[in-house]
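First comes the structure, then the notes that go with it.
Chains as they are written, first to last, in my numbering: chain A, 455 to 894; chain B, 197 to 692.
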């Protein structure tokens, strides 16, 4: 019996429901965004790069149907597992707590839950978080680093490689040419041939049949000849899709991350700074394909390190902030000439530096760093108690005060303070919000 | 009988391949057709990965479905539940179509594949092909082509009129799915070739007459001929009409032709699933009974090993596990458990009746023809009537069933009947009634529509036993109805 057969679908394209998922995310966008921002506040460094379980109010994506209210009317239900009840027994109803309904029974009716939980992928999560953030002032100096080319369709040509052959055009041309040159079709010829075979099967053909036979043979020959010089496809017919390399303008940008890892920065401060940079790094990595990131950490001397070391290794020592600026300038001169690169700098410190060094920093910023930078963000990491003491913008640690004096001269210089993990995200958004530069 | 031949195992380890699947399927088919004499659609068995299973879950288990955010929502939920380990996936999904499509998960062991094939490709398959509800109310040949049409049509509408426009119609129609089925008159067949052709032509026509200039006008006129035809149909609708979606589709003063088509699609999908909702116990019971019989028979014939039968019994017993009412896992009666127990008991009553059974089931007790009795039950009953007819005292005792009366006005529940001689009939009647969808879904009907005047749509909810509509969703659904109707909608609750 051949009633059944198997099909292996495992290799079928995955993600059949992606379209539905996108529609769903779009639908609940506002709520999801809020949930994402909330959950980001308390995540640890390593978790930031992962997907996240979030829960949104189910109201936003409710699918209401008419339902019978279980709190009205009469009903009779049958349940399994009777142990001691007998007909006529009365059982006190459980008290109606708010939202509790009648315990189990209410929850099986569905639609009882207040929140809808699901998991966002890492991509979706970060996309939502970084939405409407961008690097300030990008492109202003966007000097052409035209290294990338993309191939774009550029019409049809008569020459090309076989892989680019445009079948539709080719066949259409061939068809037109065959019609114009009256190429005998295979159908026609088959008809004649059949007739010929018919005639040949006649054992004793009469005069007319012999003439017809000869005529058919002659016709077939001319047709064959015609077909030879009017082939099915002629090299003339063939067309290719043309592609032209078009230069793609890329904006070259480099982000310098300067972090103080000296002894005065406690574990908490370092953790805050790292979180900030982690966020910055993820943001850049996702939004800009062509952004270089340079990590510089400093104590009393500065060094360029890789991502891994920057985020995860420990170090301790004295503090000379200007060394980091020196190092940054050295790297910049070496590899990122100012006329070809958009230069961004983010600096995090607790604001303490060797006495006199703050002046040195300001001097460096004023004369060398700011003139070549698109944007400079200074983040000061404070103790929570300090935040109260320094509630005014004017008071602060040495570096903060020094920067305050010079900040007004440069509209693309921003400074801000962080004391708790919760502060990072608002501050980050403030620093990189779209169209918010003038305010900074 | 093959038992006389030297018994060889069909498979002897947990891994499966297509060869062992085929051999096993043949052996199962031998028992299903030769011994049980089942009558089935041809089988199409598809092997899928767990991810594809999740995909299928989110869209009513159908291989084709139009796109809508609610399916994405269900997918997100199921995926999280699965990944966090709160729930497992079903071992299979089976679709009422011809050929009958069953999905098997690639992770299943060979024993599980055998179980699932017996369960889905023979048990459910036989039920789909023979049960009167499915025969009369759904169209196994037409469903896949129809869904294909629906999917493409909706995608085209999204291109043409925008995602939001399409979504707002679908959202509203989905809210009325429970009120979008014909319960008593038989719905028209889907597969009428000319009907699909007509729909395609209609879509085509819209395409041709589509003109960007007229786009900003509130309605695109439908062709006169069709309008007259539709209005003719509206005149023939006898009020009250229980199928609200049908009424709206035909009579709504504001819907444009393509929007009517969307409503029709949702209505047809709802109608297609309606018999399944009425036969959960029977459908699962039938499939479970069949897989149980076949697997045991395979073992008796020496075709599967002791290990395999142990593995089978382990999963079988978890499938038919019925937690008791005071168990935290309890969430109502397990249709697999009840259906399986009832069908096994029918077999017992036929073969080995007790005096009590002769009293309750004189027409089948000791008849010995259990195959015929079961097949007759599978063909001619739905859950409600099946339970009313066949729930035996033995099963009620085994389940320790008891009925509880709940009057919202009272402070106490009352145990109205238990599994003893004086309570059997009452328990049975109550349980059967609880499977009558009419007692779950509110009975809401269109009673009047003032098509000439202010166009108000009047709905009436016939309140049964004082059970009113929940306020939580009532207004939201009414708002949805208003988006489809375009004018005021009034809902009256009568008979409280």
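No residue lacks a Cβ here, since even glycine has one placed at the ideal position from N, Cα and C.
{"Item": "Quick check: the region 477 to 490 of chain A against the region 263 to 273 of chain B, are at least 3 beta-carbon pairs closer than 8 angstroms?", "Value": "yes"}
{"Item": "Helix, strand or coil for residue 792 of chain A? Go by DSSP, reduced to three states.", "Value": "coil"}
{"Item": "Going along chain B in order, which residues have a C-beta closer than 7 angstroms to the C-beta of residue 647 of chain A?", "Value": "Residues of chain B passing the Cβ test: none, with the nearest at roughly 39 angstroms."}
{"Item": "Within its chain, find whatever has a CB closer than 8 angstroms to the CB of residue 467 of chain B; leave out the 5 residues flanking it on each side and keep chain order.", "Value": "333, 334, 376, 377, 378, 383"}
{"Item": "Please determine, among A:878, A:804, A:531, A:459, the residue with the shortest C-alpha to C-alpha distance to residue 631 of chain B.", "Value": "A:531"}
{"Item": "If we define contact as Cβ-Cβ less than 8 angstroms, is residue 569 of chain A a contact residue for chain B?", "Value": "no"}
{"Item": "For residue 514 of chain A, count neighbouring Cβ atoms within 10 angstroms of its own Cβ and tell me buried if that reaches 16, exposed if not.", "Value": "exposed"}
{"Item": "Would you call the region 601 to 613 of chain B and the region 628 to 645 of chain B touching, i.e. three or more CB-CB distances under 8 angstroms?", "Value": "no"}
{"Item": "With which residues is residue 608 of chain B paired in a DSSP beta bridge?", "Value": "A:546"}
{"Item": "Cutting at 6 angstroms between CB atoms, please list the residues of its own chain near residue 695 of chain A, excluding the five before and the five after it.", "Value": "618, 620"}
{"Item": "Helix, strand or coil: how does DSSP classify residue 661 of chain B here?", "Value": "coil"}
{"Item": "Would you mind giving the Cβ-Cβ distance between residue 723 of chain A and residue 370 of chain B, rounded to the nearest angstrom? I have them listed as a contact below 8 angstroms.", "Value": "Not really, about 53 angstroms apart at Cβ, beyond 8 angstroms."}
{"Item": "Should residue 683 of chain A go down as buried or exposed, given a rule of 16 or more other Cβ atoms within 10 Å for buried?", "Value": "exposed"}
{"Item": "Under 8 angstroms by Cβ, that's how I've got residue 301 of chain B and residue 249 of chain B pegged, so tell me the actual separation to the nearest angstrom.", "Value": "6 angstroms"}
{"Item": "What ranges does the alpha helix (DSSP H) occupy inside the region 555 to 636 of chain B, keeping only unbroken runs of at least 4 residues that lie completely in it?", "Value": "566 to 576, 579 to 586, 589 to 595, 620 to 630"}
{"Item": "Since residue 751 of chain A sits in a beta bridge, which residues does DSSP pair it with?", "Value": "A:713, A:757"}
{"Item": "Got a sec: which bits of the region 203 to 219 of chain B sit with their beta carbon under 9 angstroms from any beta carbon on chain A, in order along the chain?", "Value": "214, 217, 218"}
{"Item": "Below 7 angstroms on C-beta distance, what does residue 518 of chain A contact in chain B?", "Value": "371, 669, 672, 673"}
{"Item": "Are the C-beta of residue 265 of chain B and some C-beta of chain A separated by less than 8 angstroms?", "Value": "yes"}
{"Item": "Report yes or no: is there a C-beta of chain A within less than 8 angstroms of the C-beta of residue 275 of chain B?", "Value": "yes"}
{"Item": "Just list the residues that DSSP pairs residue 640 of chain B with in beta bridges.", "Value": "B:657"}
{"Item": "Looking at the C-beta of residue 269 of chain B, does it have a partner C-beta in chain A at a distance below 8 angstroms?", "Value": "yes"}
{"Item": "Mind checking whether residue 750 of chain A and residue 712 of chain A have CB atoms under 8 angstroms apart?", "Value": "yes"}
{"Item": "Hey, would you say residue 803 of chain A sits closer than 8 angstroms to residue 785 of chain A, going by beta carbons?", "Value": "no"}
{"Item": "Distance check for residue 470 of chain A and residue 630 of chain A, CA to CA, integer angstroms please.", "Value": "42 angstroms"}
{"Item": "Using the rule of at least 16 other Cβ atoms within 10 Å of the residue's Cβ for burial, across every protein chain shown, is residue 862 of chain A buried or exposed?", "Value": "exposed"}
{"Item": "Assign residue 779 of chain A to one of three DSSP states: helix, strand, or coil.", "Value": "helix"}
{"Item": "Starting from residue 543 of chain A, find everything on chain B with Cβ-Cβ shorter than 8 angstroms and list it in chain order.", "Value": "610, 611"}
{"Item": "Is the beta carbon of residue 309 of chain B less than 8 angstroms from the beta carbon of residue 205 of chain B?", "Value": "no"}
{"Item": "What did DSSP end up calling residue 527 of chain A once you bin it into helix, strand or coil?", "Value": "coil"}
{"Item": "Express the C-alpha separation of residue 512 of chain A and residue 278 of chain B in angstroms, rounding to a whole number.", "Value": "20 angstroms"}
{"Item": "Kindly indicate if chain B contains any beta-carbon less than 8 angstroms away from that of residue 575 of chain A.", "Value": "no"}
{"Item": "Say whether chain B places a C-beta atom closer than 8 angstroms to the C-beta of residue 488 of chain A.", "Value": "no"}
{"Item": "Which term fits residue 578 of chain B, buried or exposed, when burial requires 16 or more other beta carbons within 10 angstroms of its beta carbon?", "Value": "buried"}
{"Item": "Measure the alpha-carbon distance for residue 613 of chain B versus residue 496 of chain B and round it to whole angstroms.", "Value": "42 angstroms"}
{"Item": "Does the Cβ of residue 782 of chain A have 16 or more other Cβ atoms within 10 Å, making it buried, or fewer, making it exposed?", "Value": "buried"}
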